[in-house]
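Numbering (this note's numbering), first residue to last: 13 to 256.
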């Protein structure tokens, strides 16, 4: 028995360090395994918690954010006085009402309307032209010419011998009025704002190609719509009985 104890003690003395080291390694490995298992459980718990939180957030989005998205997609609207709801747009249609008056007091139509699509005969020179447009209003040289409506003078110039000196006035509804065969000494200038019935000049004889026509003494008058189309002034102005 003593011999066995002596052998054990002798072995422990020689190999004791390694035995203790082995035991320590076993303890460390066991502790690491337990720690890893606990961490795995905690991670699983955290994952479950984050999943719940995510579900809650998604639920909030469906109840609070969706209405905002729908509202953005809907066009802005406004209600007019008739109770009809109409979309708001950046393009605004100009609906300003403009009333035109006769630019020659009591003037009558002496040359019928022409929109320039067909040539008319200038008998005095035996020529045909599409330059002469609008109507002719009977008026002697020196007769006062007034603006047919409020507006802004956009052009004052000398045209060819079919037109002569002329003035163009733009109006708030997008239409224009043109006054031709004026005396060169006009009373307005470009960019000047004018009122209805304000004097803009006098009838002249600058449309020299028309001087031998039956309507030679006249004011050339045109109305051009917002699409740059000639319109018969008689649709907007009540003229006296046509001059003989």
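Positions of the beta carbon are idealized from the N, C-alpha and C atoms, including for glycine.
Item	Value
C-beta atoms of residue 212 and residue 199 nearer than 8 Å	yes
Within 8 Å, strictly: CB atoms of residue 265 and residue 113	Coverage of the chain is limited to positions 13 through 256, which leaves residue 265 absent and any answer about it impossible.
Per DSSP, cross-strand counterpart(s) of residue 193	The partner list for residue 193 (beta bridge, DSSP) is empty, contrary to what the question assumes.
Bridge partners - residue 156, DSSP secondary structure assignment	214
Status (buried if at least 16 other CB within 10 Å, exposed otherwise) for residue 33	exposed
Collapsed DSSP secondary structure at residue 111 in the structure displayed	coil
Rounded straight-line distance, which links the Cα of residue 222 to that of residue 145	13 Å
Residue 233, DSSP secondary structure in three states	strand
Residue 37 burial status per 10 Å Cβ neighbour count (16 or more: buried)	exposed
C-beta atoms of residue 219 and residue 167 nearer than 8 Å	no
Where residue 228 falls: helix, strand or coil (DSSP)	coil
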